[in-house]
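Asker:
In this note's numbering, the protein residues as written are 822 to 989.
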């Protein structure tokens with residue numbers, strides 16, 4: 822199976838899906854409400870664009886997190902990606918070594934090791950792809966929740982009941 826063709830096809834499909842979804846998200850008329858009256862100035866306006874964050878993270882993983890001011894996530898994404906790439910390269914080198922040894926000796930042990938390191942390399946390819954998708958999802962969700970209120974008094978309405986129970 823040719824993984825470069827498969828990854829190219831997957832990348833093209835992801836880009837087409839993102840462009841299609843982005844075009845639908847901008848087709849809504851926000852100047853008027855469903856009745857046709859103009860919207861007042863008190864409507865909520867999001868500070869961050871979720872699809873803008875996704876587009877940034879699609880170009881450079883971690884850029885969407887930077888846009889969303891979640892700076893602490895960037896080294897996690899880059900560090901995990903670097904670890905996956907390191908393991909991919911290491912397993913690929915071992916795969917090539919055992920492939921050559923198996924071709925020269927036809928030893929069953931070398932064939933099993935060759936297959937093991939090939940499978941490990943392929944697993945790290947999948948992990949890297951999943952990390953990329955998780956990066957995109959995190960950027961989207963983080964942009965949506967950017968304006969979420971997390972104050973301690975959120976939802977309290979100044980009504981409080983103090984209850985004291987003393988057990989003997």
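Glycine residues also receive a C-beta, built at the ideal position from the N, C-alpha and C atoms. Bear in mind the structure is a predicted one, so any value in this text is a computation, not a measurement.
#1: If you compare alpha carbons, which of 869, 965 and 902 is closest to residue 881?
#2: Three Cβ pairs or more, each shorter than 8 Å: is that satisfied between the stretch 929-941 and the stretch 901-919?
#3: Just curious, the alpha helix (DSSP H) that residue 895 is in, first and last residue?
#4: Which stretch, first to last residue, makes up the alpha helix (DSSP H) that contains residue 968?
#5: Just to check my reading of the structure: residue 875 and residue 930 have Cβ atoms closer than 8 Å, yes? What is that Cβ distance to the nearest angstrom?
#6: In angstroms with no decimal places, state the Cα-to-Cα distance between residue 878 and residue 910.
#7: Taking the alpha carbon of residue 835 as the reference point, which residue from 933, 944, 888 and 953 has its own alpha carbon closest?
#8: Buried or exposed for residue 768, going by 16 or more other Cβ atoms inside 10 Å?
#9: Can you give the Cα-Cα distance for residue 912 and residue 868, rounded to whole angstroms?
Answerer: On the basis of the coordinates in this document:
#1: 902
#2: Judged by Cβ distances under 8 Å, the stretch 929-941 makes contact with the stretch 901-919, as three or more pairs qualify.
#3: 894-926
#4: For residue 968, there is no enclosing alpha helix (DSSP H), as DSSP marks it with neither H nor E.
#5: The Cβ separation is near 47 Å, so there is no contact.
#6: 24 Å
#7: 953
#8: In the structure as shown, the chain starts at 822 and stops at 989, and residue 768 therefore has no counterpart that could be examined.
#9: For residue 912 and residue 868, the distance between alpha carbons rounds to 44 Å.
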